[in-house]
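**Q** Respectively, the protein sequence lines represent chains A and B. Last residue of the first sequence? That's 331 in the UniProt record's numbering, and every number before it is there in order. Last residue of the second sequence? That's 331 in the UniProt record's numbering, and every number before it is there in order. Just so it is clear, CB atoms sit at the ideal spot from N, CA and C, and this is done for glycine as well. These numbers come from a predicted model, not from an experiment.
2 protein chains.
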Amino acid sequence: MKKLINDVEQIVDEMLNGMTAAHPNELRRLEDTTVLVRKDAPVQGKVGIVSGGGSGHEPAHAGFVGPGMLDAAVAGEVFTSPTPDQVFEAIKAVDGGKGVLLIIKNYTGDVMNFEMAGEMAEAEGINVKQVVVNDDVAVEDSSFTSGRRGIAGTVLVHKIAGAKAAEGASLEEVQQTAEGVIKNVKSMGMSLHPCTVPASGKPGFTLAENEMEIGTGIHGEPGVERTELKPAKEVAQILFDKIQEDMQLQKGEEIAVLINGLGSTPLMELYVMNHSVAKILQQHELQVEETIVGEWMTSLEMAGASLTILKLDEERKKLLHAPADTVAFKR
Amino acid sequence: MKKLINDVEQIVDEMLNGMTAAHPNELRRLEDTTVLVRKDAPVQGKVGIVSGGGSGHEPAHAGFVGPGMLDAAVAGEVFTSPTPDQVFEAIKAVDGGKGVLLIIKNYTGDVMNFEMAGEMAEAEGINVKQVVVNDDVAVEDSSFTSGRRGIAGTVLVHKIAGAKAAEGASLEEVQQTAEGVIKNVKSMGMSLHPCTVPASGKPGFTLAENEMEIGTGIHGEPGVERTELKPAKEVAQILFDKIQEDMQLQKGEEIAVLINGLGSTPLMELYVMNHSVAKILQQHELQVEETIVGEWMTSLEMAGASLTILKLDEERKKLLHAPADTVAFKR
Numbered sequence: 001m002k003k004l005i006n007d008v009e010q011i012v013d014e015m016l017n018g019m020t021a022a023h024p025n026e027l028r029r030l031e032d033t034t035v036l037v038r039k040d041a042p043v044q045g046k047v048g049i050v051s052g053g054g055s056g057h058e059p060a061h062a063g064f065v066g067p068g069m070l071d072a073a074v075a076g077e078v079f080t081s082p083t084p085d086q087v088f089e090a091i092k093a094v095d096g097g098k099g100v101l102l103i104i105k106n107y108t109g110d111v112m113n114f115e116m117a118g119e120m121a122e123a124e125g126i127n128v129k130q131v132v133v134n135d136d137v138a139v140e141d142s143s144f145t146s147g148r149r150g151i152a153g154t155v156l157v158h159k160i161a162g163a164k165a166a167e168g169a170s171l172e173e174v175q176q177t178a179e180g181v182i183k184n185v186k187s188m189g190m191s192l193h194p195c196t197v198p199a200s201g202k203p204g205f206t207l208a209e210n211e212m213e214i215g216t217g218i219h220g221e222p223g224v225e226r227t228e229l230k231p232a233k234e235v236a237q238i239l240f241d242k243i244q245e246d247m248q249l250q251k252g253e254e255i256a257v258l259i260n261g262l263g264s265t266p267l268m269e270l271y272v273m274n275h276s277v278a279k280i281l282q283q284h285e286l287q288v289e290e291t292i293v294g295e296w297m298t299s300l301e302m303a304g305a306s307l308t309i310l311k312l313d314e315e316r317k318k319l320l321h322a323p324a325d326t327v328a329f330k331r
Numbered sequence: 001m002k003k004l005i006n007d008v009e010q011i012v013d014e015m016l017n018g019m020t021a022a023h024p025n026e027l028r029r030l031e032d033t034t035v036l037v038r039k040d041a042p043v044q045g046k047v048g049i050v051s052g053g054g055s056g057h058e059p060a061h062a063g064f065v066g067p068g069m070l071d072a073a074v075a076g077e078v079f080t081s082p083t084p085d086q087v088f089e090a091i092k093a094v095d096g097g098k099g100v101l102l103i104i105k106n107y108t109g110d111v112m113n114f115e116m117a118g119e120m121a122e123a124e125g126i127n128v129k130q131v132v133v134n135d136d137v138a139v140e141d142s143s144f145t146s147g148r149r150g151i152a153g154t155v156l157v158h159k160i161a162g163a164k165a166a167e168g169a170s171l172e173e174v175q176q177t178a179e180g181v182i183k184n185v186k187s188m189g190m191s192l193h194p195c196t197v198p199a200s201g202k203p204g205f206t207l208a209e210n211e212m213e214i215g216t217g218i219h220g221e222p223g224v225e226r227t228e229l230k231p232a233k234e235v236a237q238i239l240f241d242k243i244q245e246d247m248q249l250q251k252g253e254e255i256a257v258l259i260n261g262l263g264s265t266p267l268m269e270l271y272v273m274n275h276s277v278a279k280i281l282q283q284h285e286l287q288v289e290e291t292i293v294g295e296w297m298t299s300l301e302m303a304g305a306s307l308t309i310l311k312l313d314e315e316r317k318k319l320l321h322a323p324a325d326t327v328a329f330k331r
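#1: Please check if any C-beta of chain A sits within less than 7 Å of the C-beta of Ala199 of chain B.
#2: Starting from the Cα of Ser299 of chain B, find the closest Cα among B:Ser264, B:Gln282, B:Ile243 and B:Val288 and give me that residue.
#3: Please classify Gln282 of chain A as buried or exposed, where buried requires at least 16 other C-beta atoms within 10 Å of its C-beta.
#4: Does chain B have any CB closer than 7 Å to the CB of Leu156 of chain A?
#5: Tell me where the alpha helix (DSSP H) around Ser264 of chain A begins and ends.
#6: Chain A beta carbons: is any one of them nearer than 7 Å to that of Glu301 of chain B?
#7: According to DSSP, which residues form a beta bridge with Lys317 of chain A?
#8: Quick one: give me the first and last residue of the alpha helix (DSSP H) that Gln176 of chain A is part of.
#9: Do Ala73 of chain A and Ser55 of chain A have their C-beta atoms within less than 7 Å of each other?
#10: Strictly under 7 Å for the Cβ-Cβ distance: is Gly261 of chain B near chain C by that measure?
#11: Counting only Cβ pairs nearer than 7 Å, list the residues of chain B close to Met19 of chain A.
#12: Residues in its own chain within less than 8 Å of Val65 of chain A by CB, not counting five upstream and five downstream?
#13: Is there contact here, the region 189 to 206 of chain A with the region 297 to 312 of chain A, by at least three beta-carbon pairs under 8 Å?
#14: Kindly list, in the order they appear in chain A, the residues whose Cβ is closer than 8 Å to that of Ser81 of chain B.
#15: If the cut is a Cβ gap below 9 Å, which residues of chain A does Val293 of chain B touch?
#16: Does chain B have any CB closer than 7 Å to the CB of Ala232 of chain A?
#17: Could you please tell me which residues of the region 65 to 96 of chain B, in chain order, have their CB closer than 7 Å to any CB of chain A?
#18: If you count every other CB in all the chains shown that lies within 10 Å of the CB of Thr206 of chain A, and 16 or more means buried, which is it?
#19: Smallest Cα separation from Gln130 of chain A: which of A:Gly215, A:Lys251, A:His158 and A:Tyr271?
#20: Which class does Pro67 of chain A belong to by DSSP, given the choice of helix, strand or coil?
#21: Between A:Val12, A:Gln175, A:Ala178 and A:Pro67, which has its C-alpha nearest Thr33 of chain A's C-alpha?
#22: Determine the direct distance from the alpha carbon of Gly223 of chain A to that of Glu14 of chain A, and round the result to whole angstroms.
#23: What residues from chain B crowd round Glu14 of chain A, counting only those whose CB sits closer than 7 Å?
#24: Tell me which residues share the same chain as Lys2 of chain B and place their Cβ nearer than 6 Å to its Cβ, disregarding the 5 neighbours each side in the sequence.
#25: Taking the alpha-carbon of Val132 of chain A as reference, which of A:Pro67, A:Thr177, A:Val78 and A:Gln237 has the nearest alpha-carbon?
#26: Hey, would you say Met188 of chain A sits closer than 7 Å to Leu239 of chain A, going by beta carbons?
#27: Am I right that Lys311 of chain A and Leu229 of chain A are in contact with their C-beta atoms under 8 Å? What's the rounded C-beta distance?
#28: Is Leu70 of chain A close to the ligand COA? I mean its beta-carbon at under 6 Å from any heavy atom of the ligand.
#29: Please list, in chain order, all residues of the same chain as Lys330 of chain B whose beta carbon is under 8 Å from its beta carbon, the five residues on each side excluded.
#30: Within its chain, find whatever has a CB closer than 7 Å to the CB of Asp246 of chain A; leave out the 5 residues flanking it on each side and keep chain order.
#31: Between the C-alpha atoms of Glu122 of chain B and Pro82 of chain B, what's the straight-line distance to the nearest angstrom?
#32: Could you run through the region 305 to 326 of chain A and flag, in chain order, every residue whose CB is less than 7 Å away from some CB of chain B?
Set out below in structure tokens:
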């Protein structure tokens with residue numbers, strides 16, 4: 001295993017310290033936790049937003065902490081849910097009196113631990129709501145999930161719910177807006193190479209030199225099909241078709257598109273992928289309001305990409321364009 | 001070779017089209033060229049700034065085109081200098097009457113072709129100046145270079161010269177500011193895994209499972225030492241020591257730090273690296289004014305990282321913090 005690290009046991013701790021060292025004016029680590037919060041948390045009179053999950057998906061989630069997006073990110077061990085007490089600390093740290101929304105990716109451990117933390121906070125008089133993101137259309141259930149998995153579409157939930165909260169909306173309103181994004185965002189991914197969880201030291205799965213996997217999850221969970229290597233345009237068509245089967249997008253509909261690299265796929269390839277995706281969207285006469293290309297929800301050094309499509313309405317469009325000032329996402 | 005592409009011959013063309021498809025309000029491709037310019041180029045009354053070089057270093061260079069940084073980026077084939085006629089087209093497209101500065105990374109082909117383009121433009125009455133970035137302290141000469149190579153420090157030249165031009169400075173002033181950055185910016189890199197140029201289909205070099213290379217260039221040029229795999233803190237120390245040997249930074253000096261991923265090194269590892277770098281800088285009682293962590297000057301899917309240190313003065317500090325609104329770098 002070739003990694004630029006010091007100690008497998010300290011990797012999350014050192015990453016979090018490396019982040020606060022790099023961004024001391026933006027991020028603050030809650031003492032004795034794996035929680036990074038906005039430097040100025042809690043923001044009084046604003047709904048707090050907490051997300052997080054296993055580490056290894058950077059810049060998710062701490063890269064999205066800041067004005068216009070998240071108030072706190074809770075980091076678990078690599079590909080492992082954070083414990084309820086860590087999430088509970090995050091909730092307490094970001095409650096500015098208007099309650100806290102938890103944005104959870106749909107994995108059994110995350111849902112259980114975030115829910116438990118929410119209950120602990122409610123018992124202390126903090127108003128907590130939650131939403132669960134399940135944008136991955138690849139599989140209905142998986143090794144770590146009941147129902148669909150939450151993947152890169154989560155970043156759009158962070159962005160839009162974050163902007164709604166920044167406007168001063170109530171907890172119920174922010175939750176409703178987040179639910180609206182979740183209902184209208186679908187993703188599908190593929191991989192060319194696996195990644196290696198540091199503590200295990202071995203790749204999570206194997207792919208032959210001429211093979212790719214369609215529908216792989218962001219922890220290397222099995223996808224829907226293992227197939228021969230295909231050109232980007234065929235990959236784009238497969239991902240789009242599966243999403244479209246579910247979304248049934250109509251001519252003229254306004255959408256946002258996110259092309260997400262899984263870790264080691266060069267930006268050059270992601271833009272080639274977008275070239276192929278854009279052609280398909282044009283054939284379907286869809287109105288692309290925004291395209292976001294880069295690494296947002298990674299899987300360590302996995303090679304591959306995912307396509308996310310979000311159906312827009314006027315509110316989502318406005319909130320997507322609203323300011324955000326986080327380490328990884330600014331506008 | 002596993003890449004998410006359609007056709008090795010079309011990879012740069014499709015990447016550029018994928019970029020303009022994603023960012024139609026920010027970037028415009030000059031017809032029949034590999035040049036991307038600011039949508040609103042030429043900006044009247046502002047010095048135009050042109051950079052570029054071989055492709056495969058994304059987001060460099062087109063990701064840095066926009067207000068506050070570059071006016072145009074010229075893309076060559078992968079790891080191959082663009083031809084003079086392409087650079088000439090870029091110069092003509094961004095001259096707003098105040099002249100054009102070329103920011104060139106020190107590779108023989110780039111220097112020759114950008115210089116020739118500058119002469120072509122001068123012959124047409126456009127005032128052109130140039131600077132050559134040679135921040136890599138690893139080697140004095142290399143297979144592609146006379147003198148030191150230009151690597152990730154180039155991005156700080158883009159940022160600071162771009163901010164100076166945005167202030168309305170003259171061509172001579174922008175050139176002088178850029179020269180000031182170049183004199184005070186040093187970098188050093190290392191790699192864990194090679195990358196594969198699409199047209200060749202084979203890795204540019206090989207490293208055993210327990211080996212790393214110190215001082216590798218961004219095209220996989222040989223470094224200074226091939227050694228056993230070391231922990232991040234030792235790597236950080238080696239890179240810092242070599243830079244410090246050259247810079248002789250004194251206690252209390254203000255610096256900016258850039259930790260650059262070469263392509264497939266996860267952001268998690270880059271932050272672990274920054275954790276180790278920050279400790280060393282603290283031991284030397286250096287004043288870190290700004291730390292930038294991410295992928296800025298990549299080498300396709302090479303694994304590894306580079307450390308860049310820029311010595312600040314009041315002007316460089318102010319210009320580093322000035323607004324920039326490009327696809328890959330915003331503040």
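**A** Taking the structure as given:
#1: The C-beta of Ala199 of chain B comes no closer than 7 Å to any C-beta of chain A.
#2: Cα-wise, what sits closest to Ser299 of chain B is B:Ser264.
#3: By the 10 Å Cβ count, Gln282 of chain A comes out exposed.
#4: Cβ-Cβ to chain B under 7 Å: no for Leu156 of chain A.
#5: No alpha helix (DSSP H) contains Ser264 of chain A, which DSSP labels as neither H nor E.
#6: Chain A places a beta carbon closer than 7 Å to that of Glu301 of chain B, counting this residue as a contact.
#7: DSSP, once it has assigned bridges, lists no residue as partnering Lys317 of chain A.
#8: Start and end: Leu171 to Lys183.
#9: Result no, Cβ atoms of Ala73 of chain A and Ser55 of chain A do not sit closer than 7 Å.
#10: Among the chains of the structure shown, chain C does not appear; the protein chains present are A and B.
#11: Ordered by position in chain B, the residues that pass the 7 Å Cβ test against Met19 of chain A are Tyr271.
#12: If we look at Val65 of chain A and ignore the five residues flanking it on each side, its Cβ neighbours are Glu26, Leu27, Leu36, Val37, Arg38, Asp71, Ala72, Ala73, Thr326 and Val327.
#13: With the cut-off at 8 Å, the region 189 to 206 of chain A and the region 297 to 312 of chain A touch.
#14: Per Cβ cutoff of 8 Å: no residues; Ser81 of chain B is ~17 Å from chain A at best.
#15: Result: Gly18, Met19, Ala22, His23 and Val327.
#16: The C-beta of Ala232 of chain A comes closer than 7 Å to at least one C-beta of chain B.
#17: Answer set for the region 65 to 96 of chain B: empty.
#18: Answer is exposed; the Cβ neighbour count stays below 16.
#19: Closest in alpha carbon position to Gln130 of chain A, among A:Gly215, A:Lys251, A:His158 and A:Tyr271, is A:His158.
#20: Pro67 of chain A falls in the coil class under three-state DSSP.
#21: Selected option, being the one with the closest Cα: A:Val12.
#22: Distance between the alpha carbons of Glu14 of chain A and Gly223 of chain A is about 32 Å.
#23: Per Cβ cutoff of 7 Å: Val272 and His275.
#24: Cβ neighbours of Lys2 of chain B beyond the five flanking positions: none.
#25: Taking only the C-alpha atoms, the option nearest Val132 of chain A is A:Thr177.
#26: In contact: Met188 of chain A and Leu239 of chain A (Cβ atoms closer than 7 Å).
#27: By a beta-carbon distance limit of 8 Å, Lys311 of chain A does not contact Leu229 of chain A. Their separation comes to about 31 Å.
#28: Here there are no bound small molecules, and the ligand COA is not part of this structure.
#29: Closer than 8 Å at the Cβ level, and outside the excluded window around Lys330 of chain B, lie Ala324.
#30: Around Asp246 of chain A: Val137 and Lys186.
#31: Approximately 19 Å, taken between the alpha carbons.
#32: Against chain B - using a Cβ distance shorter than 7 Å - the residues of the region 305 to 326 of chain A are Ala305.
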